[in-house]
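What follows is a set of notes on a single structure, which appears directly below.
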Amino acid sequence: MESWAWNGIHLDLPDDWELIQFSKDPRSGRCAFADRYQLRFELDWAVVDGPPDFARMVSDYKAKLEAEEVTDLRSVQHAPWYGVFGRENKLPISRYGAFFPARSLLLEIVFLWPEEQKANNAFEGRVMDGIRVPAQNDDALRQWHAFGIDATVPDNHELVECNVHTAYAEMLFADQKERTQETFLRRGMVSEWLDQPLQEWLESKLPQGYTVVSRRQSTHASHECWQLEARITRPVLKDWLWGTRHYQACAWICPQDKRLHMFSRIAHQPKNAPNALPDIRMACCADHQRGF
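Below you can see the structure in the form of structure tokens.
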């Protein structure tokens, strides 16, 4: 099973199920997972005022499905999940809903089974038992774990962009006023494209208009890491208002997964609170995690 964490929702799914659709809206959205052959799992979330009347919701949903000629309908339950099982065009489909008070979040999940396979209630139960929605922790951080990226960012920062293609995954987060932005990158097939020392590649990613003020190299658990810091070369009005923009970046190649991992942050750093920036972290394996 592979662990996923999206929008503060944690779950474990089979290794060969891939995330093929996702939403960035933290208040309402959807993720969909598929194997090599078909769509297998859907996750929907919505911030609500309080727990719904699940008995009524299930009854209304069964009536709706019956009108759509879904067959073999029956109510199912796996506390705290309530749902409906049925067959659509002979395909077994299980739908469940649950309320998570820690974030006043209503989750709805759908298991879609191949025509020749029966719904595996034990498997569905294991997946539901593994779904967690943690409350905001004391350090106000939230973990995201998707596409091989394991990132920890401030709880109030939202996913702005997510770019995924072959051997490449990148996630960009920002606060609502975009005064702070974090980028997390994971790239594979390193020998096919990295044609310079890692420290030079990291410096080539420096945003335009920034000047490097420090460079560091360190090794931990056989992971050789390169880190640099830079500041905006020519401050403008917003730098005087909110603090000079500060850039930090760190990169390494994990000896276990053979991927290049990099994370960076651009943030306004107030003169009266130079250490006020919240923590961010990136992990590549059980042995190694970096942060600043």
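For the sequence shown, this note's numbering begins at 40 and goes up steadily by one.
C-beta: ideal position from N, C-alpha, C; glycine also.
Note that the structure is predicted; figures quoted are calculated from it, not measured.
Legend entry - Span separating the alpha-carbon of R270 from that of V251: Reading the sequence shown from its first residue, position 231 is the one you call residue 270. Reading the sequence shown from its first residue, position 212 is the one you call residue 251. Each residue's Cα considered, the two are about 7 Å apart.
Legend entry - Contact set for G330: own chain, Cβ-Cβ below 8 Å, skip 5 residues either direction: Position 291 of the sequence shown holds residue 330. Here the set comprises T191, D318, I319, R320, M321.
Inset, instruction - With DSSP as the reference, label Y286 as helix, strand or coil. - result: Here residue 286 refers to the residue found at position 247 of the sequence shown. Reduced to three states, the DSSP call for Y286 is strand.
Legend entry - Contact the region 148–168 vs the region 176–185: 3+ CB pairs below 8 Å: no
Inset, instruction - Give me the Cα-Cα distance between R225 and R218, rounded to the nearest whole angstrom. - result: By one-based count along the sequence shown, residue 225 stands at place 186. By one-based count along the sequence shown, residue 218 stands at place 179. Taking the straight line from one Cα to the other gives about 24 Å.
Inset, instruction - Whole angstroms is fine: what's the gap from G68's alpha carbon to V115's? - result: In the sequence shown, counting from the first residue as 1, residue 68 sits at position 29. In the sequence shown, counting from the first residue as 1, residue 115 sits at position 76. Those two C-alpha atoms are separated by around 24 Å.
Legend entry - Cβ shell of Y76 (< 8 Å), same chain only, five flanking positions each side left out: Translated into the one-based positions of the sequence shown, residue 76 becomes position 37. Around Y76: P153.
Inset, instruction - Could you name the residues of the same chain whose beta carbon sits closer than 6 Å to that of L130, not counting the 5 residues immediately before and after it, in chain order? - result: As a first step, residue 130 must be located in the sequence shown, where it is residue number 91. Taken in chain order, the residues that qualify are E154.
Legend entry - Three CB pairs or more closer than 8 Å across the region 238–254 and the region 282–290: yes
Inset, instruction - Tell whether a beta-carbon distance below 9 Å holds between F80 and W45. - result: Counting from 1 along the sequence shown, the entry for residue 80 is found at position 41. Counting from 1 along the sequence shown, the entry for residue 45 is found at position 6. No, the Cβ-Cβ distance between F80 and W45 is not below 9 Å.
Inset, instruction - Report the rounded CA-to-CA distance for W279 versus E163, giving the unit in angstroms. - result: Within the sequence shown, numbered from 1, the residue matching residue 279 stands at position 240. Within the sequence shown, numbered from 1, the residue matching residue 163 stands at position 124. Roughly 54 Å separates the two Cα atoms.
Legend entry - Rounded straight-line distance, which links the Cα of D326 to that of H259: Start at 1 with the first residue of the sequence shown, and residue 259 comes out as number 220. Start at 1 with the first residue of the sequence shown, and residue 326 comes out as number 287. Their Cα atoms are separated by approximately 9 Å.
Inset, instruction - Compare the Cα-Cα distances from R171 to each of A137, V149, F150, A179 and report the closest residue. - result: As a working mapping, residue 171 is identified with position 132 in the sequence shown. Per the Cα distances, A137.
Legend entry - Host alpha helix (DSSP H) of W232 (start-end): Mapped onto the sequence shown, residue 232 falls at position 193. First-last of the alpha helix (DSSP H) with W232: 229–232.
Inset, instruction - Ignore the nearest five residues each way along the sequence and tell me which others in D194's own chain have a CB closer than 7 Å to its CB. - result: Translated into positions along the sequence shown, residue 194 becomes position 155. Once the five neighbours on either side are set aside, the close Cβ partners of D194 are Q175, A179, L180, R181.
Inset, instruction - Using alpha carbons as the reference points, say which of W232, E127, A85 lies closest to E107. - result: Looking up residue 107 in the sequence shown gives position 68. Minimum Cα distance to E107 is reached at E127.
Legend entry - Collapsed DSSP secondary structure at M40 in the structure displayed: Within the sequence shown, numbered from 1, the residue matching residue 40 stands at position 1. Here M40 sits in coil by DSSP.
Legend entry - Separation of C264 from G47, as counted between CA atoms: On the sequence shown, position 8 is the one that residue 47 refers to. On the sequence shown, position 225 is the one that residue 264 refers to. Between G47 and C264, the C-alpha separation is close to 28 Å.
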